[in-house]
Each structure stands twice: as C-alpha cells, then as structure tokens.
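First the structure, in the form of structure tokens, and then the observations on it.
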Amino acid sequence: MPNLTEAKYEDIFSPETLQALKGRSGESLQQLMGDKDLMQAMRRSKELLDQIAEAERGHEAELVKVAIDIVRQVYPIIDYNEIKIEASLGSDFSLEPPQQDDEEEEEGGEPGLAPNVDPEKKRRIINAITQGASIRGAFSFLLFREHLDEVNPEVVEKYNEILKLSFGIYDNDEAIALMLSMMGQGQMQQGGESQMEYDEEEEQFIIKATALCFPMLVHEIVKGLHEIIGTEGFGSDREKNQAIIGKVDKLQNEPEDLRYGKFIYDGLRDLYLSSEYTDERSRELFFAEVYKLGHKSFFNIINAIINGTLNDRHIAWAKEKVKEIEGDLGKDDVDDIDGIDTTGDDNLPL
Amino acid sequence: MDKLLEHIIRSLYTIDEAYSKKVMQQLIDKFKQQAEDFGIEIDDNKIELYIKRFDQIKNSPQIKNKDLLKWDLDDLIQLITQTPLKGEDKPIAPPANIVYNDEDLEIHDASTEERCISLKGHDPSGRQESWCLGRGSFTNHRYSDRRGFPSYYYFIDKEKFNNAQGDTSHEDFDKSFFVISLNNQGEYEYTRRNNSPNYSGAKTWGEIESEFPILKGKNVQDKVPYLPLTDEEKLTQQYKNTRMDARDFRNAPFHIKKQYLTVTSGRNLFNDVNPSHEIDILLQYPKLMDFISVTPGIIKDIELLKVGDKLSSQQFKSALANIRDKIDLRDFFTTDSIPFAVQKIVVKYKPEIINLNRDENKIWVSDDEKFIFLLLGEQLKLKALTATNHYPKVKINQNTEKYLEKANIGDTIDLIKRVEMGMVGNLKPNTIDVEKELEALKGGGKNDEISYKQHDNKDYYSIPSLSLVATVEGGRFIKQDFNSEEIKSIFAEDILSSILHTIRTSGDFPRGTDVVATMDYIRGLSIEERTLEIHAKGNAEGVLIPSDDNQLFILPQSVVEVENATLAWYYYDHSGHHQGARWYSSNATPDVYQKYFEFLRSTNQEFTMHAVMDIMNMHTGNSPKLKFVQENPPIEDNDTYLLKYYHGDVYFLHKTDPKSSRMLSTARNNLKKANLTMSKAQEIAGDDITYTRASRGRQPGQATTPREPVTLLDQTNEDSAHFILNHHGLNLDLLPERSKNKLMSDVAIARSTYSNRGATARERIMNYRGRVTNSWTVGPSAIYLININDTTIASIVIQPGNKHYVLTPNESINLNSPRDLRTALENADIINEIKKYIIKESLYHKNKQTMKLSKLQALVKEAIKEVLAENQPQQSPVEPDQDQERETIPAPTTTPGRKTRRRKIGNPNADPNPKALGLEETEKEIINMIAKRYSAEKDA
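Those sequence lines, one after another, are chains A and B.
Under the working numbering, think of the first position of the first sequence as 76, with each following residue one higher.
Under the working numbering, think of the first position of the second sequence as 94, with each following residue one higher.
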C-alpha cells in the first residue's frame, strides 16, 4: 500500500483559520455558481463546451496564439525570464508525468527528510496558491476581448460562464465529494492540464499546456507559470524535493487546493499591491520571495493573510523586497535595450 | 333504518336543512377535541365552515361515508381543501385607482407594485419619479415588519404640479407630488417629491396637514385608510424565497394552495419532497390540476407531460396548449418518463415543442400508431420508438420506405439530402418528394449539386460531391458504382468541377465522400488542373498535392507565399475534413515535401537562403522544420551560407567563417550559434567551406600593414540590411555613413522576436502599443522592426559604439542627445505613440547609469511636456559618428544571445507533477476512499 501521507488543511491551519477560509468559500460559491447545483453545473458546462467547441472550430491556431499573447502581456515576467510556452487546444491530455519512485513510497517515506512535516505543509500551500492564481488569471482574457470578438463576439460570455461554473463547484463540499467519486469512476471530464519543464541545455523553463477550450488554456498556462514560481519554495536537494512532491502533489489534493487557494492568492496579491510597486514583473518575483522564506516566516505571513491580521511589519517587508526586485529589473532593462550585459558590474566599486 | 331507505334518502335527496344546532355543536366539539389532541392548528370558525361545506358536498358520489360524525378532522380538512370554498377564491381587489379627486387635489391608491410603477411616470413632462416604491422596491417597503406593513397613497397638488412641470428647481416642485404612508400602528409618514426626507418619521394627520396645506379642510383622512396585508400578500411575503412542507400544503385551504402555487410558480414546491414527486401530490387535487393546466409556468411543462395520462382529457388539452418550454428529445427516446400515449399526442398535435437538434430533421407517428419515428437525415437513418422499445438505427431502404411516405420530408430536408437518401436506399422518388425536381433536371434544368445524364437510354443522376450516382429504373433509384470507368466517363466534368469547388472554398468533403477515390482522381489531373484560386487566401493560387497516405495538401503556387515549414495553407485529412495547417506540427508526410519541392523545381522556383532562415526562426515546432530541410528544398545559390542536414541537426554553415555558422536549436525551435570548429564544419560540408586560417599576429621582420578596408555588401543583396529595410519602406541611407557601413558590413540574420530580450524590452517601453514584428542581427548590431498603428519604424542599435537610432520612413533620429530628439520631433510627422516611444527609449539610454523606474517615469512626463511646448529651439545638426576608439568598449557578451538575469525565477532542482493528469490505478483507489469518507461524513 502506498504511503498516503497528506499535508491536510486541518493539520496546517488552526480551526479558526480554516473556518475563515471556509467562510470565504461559501461566499464564493454563491458568486460563481448562483443557485446551480453540481449536476446542473456539469450539464450546463457540457452544453457550453459544445457551443464553445463549435465557435472555436477552425480558429484553434489563432486562439492558441492569442492565449499565449494574453498571458505574456498580463505576466511580463514570462518574457523577462524567457520562459517558453508550448500550448495547444484539444482533448488529448497526454503530458507525461515525471517518473515516480514507487520503491521509496513503499518504504514509507524518504529517510533523508527532517522529522517535521513543514516542507510538505508549505508545499501544499504553495500548490494552493498556484491553483488560486491560475483561477484568477484565467479571467484575464476579459481584458483582451477585442481579440476574441474577432473570432466570435458571443463566445466571450460563454467563456466567462464556463470558468465560473468550472471553478465554482470547488466551493461546495457535496460537489467535491461527488466530483471525486466521478473522477474515481473516470467520468469527470478534464478541462485541461499543464506542466512545467526545465531545459537544462538551454537553461530555460518551459510551460506545456493543453486544454479543451480557450479560457481553460489561459488558465493552464497561468498555472504552468505559477508552477515554476512555486518551485522557489524548494531547496537545492533534488531528491528531497522529489520526496515532498511525491507526498503532496496528488490529484486528490487538487479540489481543496482549488477551493482555498484562491483566497490565499488574493491575500498575497493584496500584500504585493500594498508595496507601492511600479513594475508588474515584480509581482511574480515577489511571490517567489515569499516562497523562499523559512517555514516559520512563511506561515506567519500566510496565516496573517487569511485572518486579515497583516501588520505594518509585513507591509514594510513587502515594500523592501519589491524595491530590491525592481532595482534589478531596471538594470536589466537598460542592458536589454543596449544589447549588452552588465550583470557582473553590479558589484564593482564606483 | 332500512339500508335501502337510508341510501335513497342520503343519495337522492338533498338535505337542504343544515345540521341542527345540537348536531353542529356536537361536531364542533368532536373536531375541536381532535385538533387539541393532535395539535392541529385550526380555529373554531374554520371548523364550522368546513362542517357546513361538508354538508353541501356530502351527496357527491365520491364521498362514500356521509356521516360526518364518523370522520376524523384530518380527513375532513383533506376533503374540504381539495376544492374552493364559496367566496374565498376571489382575491380581495385593491381599492379604486383614484380614491379622491377634486379641483385641487388627486389621491391615488398605491397598494400594488404595478400602480407605483405606473405612477412613476405620471408627469406628462416625461420625468420619472425617484421614489423606491416604483423602482422595484415596493415589496421591501410594504412587507416591512419594521415599518409596520404600511399602506401608501400618492397625492397630487394639481396647481403646484402644473406649475412645476417636472422642473426640480421650481419652488412648487417639492410639494407638488408626495407620498403618505400609514402603518398598522396608525402612524403617518410622508415623503416629498424630491424624496426628502426619505421617511419623515411618525406623524399625526394634523402634522401631515401642516406640512401639506393643500390637505387642510378637505377631510380626506378617511379616504386613505390602512389596508392590512391580505392573505395573498401574506403568502407572497412568506413564500417569496421559501417553501412549504408538503403537509402544510395539504392542510391549507384551497385558495391558499392556489395562491401558493402562483407565488412559487416555476420553483420547487416543497421542502420535504423530491421535486420529481411534487406532481404526485398535486394530482390528488383535481380542481387544483384544472388551475395548473390552464396556468402556464406553475410547474415545469415536462412534469405535466410525465403525468399526461393521469390528467383529464380537458386538463391535458389545456396543458398541451399552454406548453412554453421546448421538450428535450432525450425525454422521449432515452427514458420512459413520458408515457408513450402522451408522446404520440405531443408528436401528432404539438411537434413544435420538441427540441430537435440540427441533425434531427423530422418526427412523426406512423399510420398504425405503433411507432414514433425520428429522421436523422445527415446519417441517413431513422430512430424508432414503440411503447416498449427503442430502435436507434433503423435503415432507410425499400423495406422501411413505407414509413417515410406520409412523413412529407420535402418540407424539412434539403433536396440534395433527399436525393442522397433515395440513391443510398434505392427508394422511390415519390417517397422522398423529389419527382418534380428529377423531371426538371431531365428537361434541361440546372442544379449546382445534382447532375443528370442520359446514357444508353437510361436516366443517370449523380451527386459528384458525394461520389454518388444512380439510375432511375421502374420508378425507383438504383445505385451505381461511382468509381466505375463508365460512370467516370459519363460524369467526368461534373465530378471535377464539384471537388475543386469544395477545395477552393475550404469546405469539408461531403459526408460519404470516397476520399481514396477522390485522391486518385486528383492525382490523375495535370498540374495546371490542380492549380486553383483559393478563396481563403484572397484568391492566391494554390496547388493540390495528395499525399501517399491519401490526405490532400493545398500549398502556395508561389514559393514566396510559403509562410512556414508546414508549407501547406490547409489540408484534408483521411476523412475529408478540412483542417488548418498546424503551426506547431505537420501532418504532411515526407512525400508531400518531396512532391512540392519537385513542383517548385519544375516551375523554376527557389527559396532564398534568407527565406529559409526565416522559416527556421518561425515560432513553430521542429518536426516540420526538419522535414523541410531533410527533403532538400530548392534554394538559390548563396555566397554566405550553405544549408546542411547532418545527423539530425540543421546547419547554416558560413562558407568563409565557419565560426559564424548557425544551427536550429532543438529546444528553442529557432536558430542559434552553432559553435563549430573548423574541422567539424569541414566534416559536415566538405570542400564547400572556403575558409582558410589566417596566421596569428605580425610575422617577425614584417612592417605593420594597414587594416584591410571592410567590404560592404551590395544594396541589392537580399541579406543586406539595406535591402531588408527597404523592403519594409525604410531607407538605411538616412543613417550616418559610419553607422550605415557597420550595418552593411555583414549579412543581416533574422532572429525570432519570441524570447528576444531586445524585442520584449522595446515592447515594454512602448507599453505594448507597438509590436516588434521582425528582428535581425548584423554582427554585434541589431535591427528591430516595430509596427505602431500601422506605421513601421526601426529601432537600431549599433555595436561597437552603443549608438541608438530610430528610423522612420522619412528620417533617422539619433537618440544620443535630447537636443537632437527635440529638433527631430519638431519635424517628425509621426504619431504620438512613436514620439513617446522615442522619448522613453532615449531616456532609458540616457539614464541607464542611475536607472530607477520612478525617476524615469517623471522624466518621461517632463520630456513629453517639453516636446509639446511651444517655441522650440532651432534644429541642430545631427552629430557625426565619433571615432570608434573613443567609444565605450562593450562587454564581451555584447554578441546577441543569452545573457544572465539579475532575477531568475524557478528552481531547476524540483520537478513537480503535472496538475490534473489522468488517474493512475492507485490514485483511483485513493480517490474512491476519499469519496467514501466524504459520503460518510455527509450521511452522519
């Protein structure tokens, strides 16, 4: 029997903090789903998907380009870090998962791991933020509806509705139970999938995303980006990292990550917004800084975000980090315009 | 008493005399006691009312036990509430619209939302009053417990109303039209026309009169009485967002039941009953079903149909007539939810309510009433339904055509589809309503899709686009072999015309097309016949190339139209479906590349090396690029580069300087520096490499020789910066000579704009208003072509020397000096976005040592102000290039390519699992466990 160690939310957060998350989830349920129950939502989703597939037919290549363009514009960090995007529309979800080390799991865990499970809890929260960011980011296509209107002016509203339905169901206990059961029976239709890879030869990250329809593709690409950012929460020991991933990055964790992650992401983004940023590229780099924090500091911020107890000290830290980041970004911008590299000059005496 | 006598008395004689006082009291006492014992909420008056009602209806044959003393209260309530009681069914009408009117004053009753909405636009000036009562909030006020469920009246002071004429600034406006409310505590409140105060607070009538003197002396207080909430209003208030329990509904008086159904119209009815069983409760009340059947929307149409066989004939007729919703066909064919008898009635008398999909053409009942048929024209088949079975695939042929005969399919299916159906099924033309059309064709009529020929005294009809042909013999279609040589010769011209039309217009091959035969046919055409004007490409010419595996590729006739390594504009797959060429991969098999390149050679067309490099740099997958090179495309001789495919890699070998060779990156899908040694280059290209190694340094005893003058490229060289810029409407000659020469000292190599730092940095500066569409490097220098609002300019950086220019169609602007910038902008006839871009780029450049974005933003604003300011200084001459030796020596990494970043994101030492992948077996097991856990918690 595989080791089923999970970093459960009940073990990560205090009952009060978890209750705060659940409260927001209830409000979100109403906002996203209205009075639809799961079956109604799934029926409607199916209808919408058919209509969307019809509208998108023949425009796939164009839509993939638009999706990539949108994400690049909304997340300029992609160009800055030269992250490559490989995206496609279709129902052939065939991204290959990394090899799992079954033997390690059967032995009951990675012996090199520290006795506490903080790395797993941290990873779980970062996974949740990744899911949350991708939900929020999926709606960014609304900023660029003029591109989509060229394809079909009616389709944008359908995009909006299908995203609301797809993500809204994760705020309902009963729906999650039913959904998991359906997934177990292979009945649950996936909207898409994404994966990040690191090309060691080119020293470049690659986002690979596939989805059934355009808005889900945007969602998957954003998820891929945040997956890359999320790796900043790991250390340099590759084996140890894979052991944590093996325990936490599980499909059955995703519904709750999707449910709660959006609120944690919202809080982290609000903290960033309070930092007086001037360059949007600093947003994802700021997230990376949070992920790099030690476990204690990391959970200090996450708990404060959820419970609404962020204080001046948190905000001052955010401002300082963003200022440092944007200083570096500015120097790189000058280099890019000139076509030269002055990275090594930073430490030269004046 | 003799039983017969008792029966006669009870059944045949109406006992007009009501119960005696004694019996009545006896019954009341009995039922009161039961009410008390069982906790039934019912008052004495209602018990008495129900007893009297029983007395009136007890002779109905449906009431078997006529002795009320033997009844329980519960049974009595259920009986009496099935039908309306005299008088209670009539809702209390609201008072008259105008409750008072004289020369000076008009008072309107405002006890319904409709009236308030109507009064909102009472002023003929068109003004809409601002009171909430008329703006959708009536119920919030009328049903407000806190406010004491007020009654409302609208008062019009006629003189002031006419004076103000809707003008809010008029002195009479505020008191020209006002609202007075009276609550259940006897308290008055008022609101003036300007909605201030919103509510005045409790007032006496005297205070009201003081506020509005028009009321004085008119004694209208009794004209505006308090109107308590009616039963209907109470019900509406109580159940506007909630539901009853079914047992409360059962016990409610009939008129309350009816009102409740009206209030909850279209919603689920009961808290404690599954919605699919609600109708079973309603069916217990025939009178209620009368109401439901004539009132659309009370319950869902589909629910009524499900119980159609339980409704009375009249109820069903009414229900059918009132159906508004479309009925899903699944409720007919995939479930037994609607009784077959009901389905047949719906199909016969109201087929328009059945929601047929696009491919479901007609539904009808067979003459013998044993079947309901659904015609699926596209699939050339029928679905059939009987009382007990469902047959999803009924063939249309000579055996089943009798069922089609009276279906009159001519009014719902296109002629072409009907003829196809006839040909495939060998049907009689009159079965499918096509005799007239066939006769017309025979008489010389024309049809774009159906052809007619007479051959050997037989009538042949063909649909070439479907590869179908049939004779009509003995009054019946007889299908023939479309691919026989005889048929091909008869219909040759029509077949060719039909196929080519479909391809030209990018349509799908019709369903049923024999794709293999079609490909064979195309292969048999000459290259001229296979060259078509393609609509989707602005009628540019395309050439058709079938692949060996019978897909059809449509490629540009002209080599200059080739957009990327997939070559094809579009193609037809094995099923004959039109497919856009995929930019990330290619379905074209190598033979397609071979045939196309052969075609190009036969028509003396070649790619330029420049075009091939562009193709390799396109952001597409590597697979088509490798196929492209492997199959040896025709390429013009090029002095600089040699294209080689070697051990799975694509090389552009620099003939004279192998170190400048480039290769296709398998990871990034564009060209990168090849880093070849001389020996490796010679291994790949052999004697085609003309490089000879120069001896290092000065030979002893030799004098220093002057540097060889740099050889400049000819302006007509397609790889030169001059040629490229000229092609985009820009003139390199506008640059200072020395900078221009640097750009002409080597060939320009196209670079992808994707993942190109110089390109993305420029787009960022422009705030994405302009896009870098192309980019080239010339040695260490770079050119970026930028499109802003359909204007093309170039941003050029010259290295060594770090000189920056913006090249517009009319001039070049040196960005080294703000003074030059100002004077250039004075004369530059370009759009603001370009100006801003130039300003920003210049400021970036000027402030790079102290680069801070906040400061930069301020500088940008300042510079724009300066640009826009009047009285500009006179234009200064453009500074000449400075001597190279005095310029900043760039860092060794100046060569375009990857540079380090100060901020890297992502940790290469982690490899997370993909999110939302398919389930592995073990995970399925885990998920089932979790689902059980959830379910268990839920049940608990």
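For glycine and all other residues, C-beta sits at the position ideal for the given N, C-alpha and C.
Separation of residue j from residue i, as counted between CA atoms
i, j, result
"Tyr-1027/B", "Asp-365/B", "Low local confidence applies: a pLDDT of 46 at Tyr-1027/B is under 50, so the model's placement there is unreliable, and no value is given."
"Ile-583/B", "Lys-546/B", "7 Å"
"Ser-888/B", "Ile-251/A", "54 Å"
"Leu-457/B", "Ile-447/B", "Sequence inspection shows Trp at residue 457/B; the Leu mentioned does not correspond to that position. Each residue's Cα considered, the two are about 11 Å apart."
"Asp-460/B", "Tyr-234/A", "47 Å"
"Ala-533/B", "Asn-540/B", "10 Å"
"Thr-176/B", "Pro-154/B", "15 Å"
"Gln-968/B", "Gly-673/B", "Residue placement at Gln-968/B is poorly supported in this model, since its pLDDT is 33, which falls under 50; the coordinates still yield a value, given next. Gln-968/B and Gly-673/B: Cα-Cα distance of roughly 54 Å."
"Tyr-193/B", "Asn-255/B", "18 Å"
"Arg-356/A", "Ile-881/B", "23 Å"
"Ile-817/B", "Ile-143/A", "28 Å"
"Lys-253/B", "Asp-265/B", "5 Å"
Residue i, enclosing beta strand (DSSP E) - first and last residue
i, result
"Val-487/B", "483-488"
"Trp-457/B", "455-458"
"Tyr-245/A", "Per DSSP, Tyr-245/A belongs to no beta strand (DSSP E) and is neither H nor E."
"Asn-907/B", "905-907"
"Val-293/A", "Per DSSP, Val-293/A belongs to no beta strand (DSSP E); it is in the alpha helix (DSSP H), 289-305."
"Val-652/B", "Unbroken run through Val-652/B: none, as it is neither H nor E."
"Val-272/B", "270-275"
"Phe-466/B", "465-469"
Neighbourhood of residue i by C-beta distance below 6 Å, restricted to the same chain and skipping five residues each side
i, result
"Asp-176/A", "Because Asp-176/A sits at a pLDDT of 36, beneath the cut-off of 50, its placement in the model cannot be relied upon, and the point is left open."
"Asn-247/A", "Leu-104"
"Val-655/B", "Pro-649"
"Ser-411/B", "Ser-386 and Val-387"
Cβ-based neighbour list, residue i, same chain, cut-off 7 Å, excluding 5 preceding and 5 following
i, result
"Ala-774/B", "Leu-746, Pro-751, Ser-754 and Ile-782"
"Ile-380/A", "Ile-339, Gly-342, Leu-343 and Leu-346"
"Asp-338/B", "Phe-363, Asn-364 and Asp-365"
"Asp-402/B", "Pro-432, Ala-434 and Val-435"
Expected contact under 8 Å - CB spacing of residue i and residue j to nearest Å
i, j, result
"Lys-630/B", "Ser-679/B", "No, Lys-630/B and Ser-679/B are not in contact; Cβ-Cβ is about 18 Å, not under 8 Å."
"Tyr-744/B", "Ala-767/B", "6 Å"
"Gly-308/A", "Lys-197/A", "6 Å"
"Glu-131/A", "Phe-289/A", "6 Å"
"Tyr-335/A", "Ile-201/A", "Wrong, their Cβ atoms sit about 12 Å apart, outside the cutoff."
"Leu-660/B", "Leu-648/B", "5 Å"
First and last residue of the uninterrupted alpha helix (DSSP H) at residue i
i, result
"Ala-610/B", "608-616"
"Phe-692/B", "683-695"
"Trp-298/B", "298-304"
"Asp-383/B", "379-387"
"Gln-723/B", "715-723"
"Asn-256/B", "251-257"
"Asp-86/A", "84-87"
Near the ligand NAP: residue i beta-carbon under 7 Å from a heavy atom
i, result
"Ser-153/B", "Among the components modelled here there is no ligand, and therefore nothing to report on the ligand NAP."
Beta-carbon contacts of residue i that lie in its chain and below 8 Å, excluding the five residues immediately before and after
i, result
"Val-442/A", "Because chain A in this structure spans residues 76 to 425, residue 442/A falls outside the shown range and cannot be described."
"Ile-121/B", "Asp-137, Ile-140, Glu-141 and Ile-144"
"Glu-963/B", "With a pLDDT of only 33 at Glu-963/B, under 50, the local geometry of the prediction cannot be trusted, and no value is derived from it."
Cβ contact (3+ pairs, closer than 8 Å) linking the region 243-250 of chain B and the region 202-218 of chain B: Segments in contact, yes.
Touching by the beta-carbon criterion (3+ pairs, under 8 Å), the region 632-649 of chain B and the region 564-572 of chain B: The count of Cβ pairs closer than 8 Å, one atom from the region 632-649 of chain B and one from the region 564-572 of chain B, stays below three, leaving the stretches out of contact.
Validate contact between the region 349-364 of chain A and the region 116-129 of chain A using beta carbons, cut 8 Å, 3 pairs: no
The region 392-403 of chain B in contact with the region 424-438 of chain B per 3-pair CB rule at 8 Å: yes
The region 868-875 of chain B contacting the region 838-845 of chain B, beta-carbon criterion three pairs below 8 Å: yes
Any 3 or more C-beta pairs closer than 8 Å across the region 510-520 of chain B and the region 466-475 of chain B: With the cut-off at 8 Å, the region 510-520 of chain B and the region 466-475 of chain B touch.
The region 890-909 of chain B in contact with the region 806-825 of chain B per 3-pair CB rule at 8 Å: With the rule of 3 Cβ pairs closer than 8 Å, the region 890-909 of chain B counts as touching the region 806-825 of chain B.
The region 125-139 of chain A / the region 270-278 of chain A touching (three or more Cβ pairs under 8 Å): Because the criterion of three Cβ pairs below 8 Å is not met, the region 125-139 of chain A and the region 270-278 of chain A do not touch.
Cβ pair count under 8 Å reaching 3, the region 156-164 of chain B against the region 113-131 of chain B: yes
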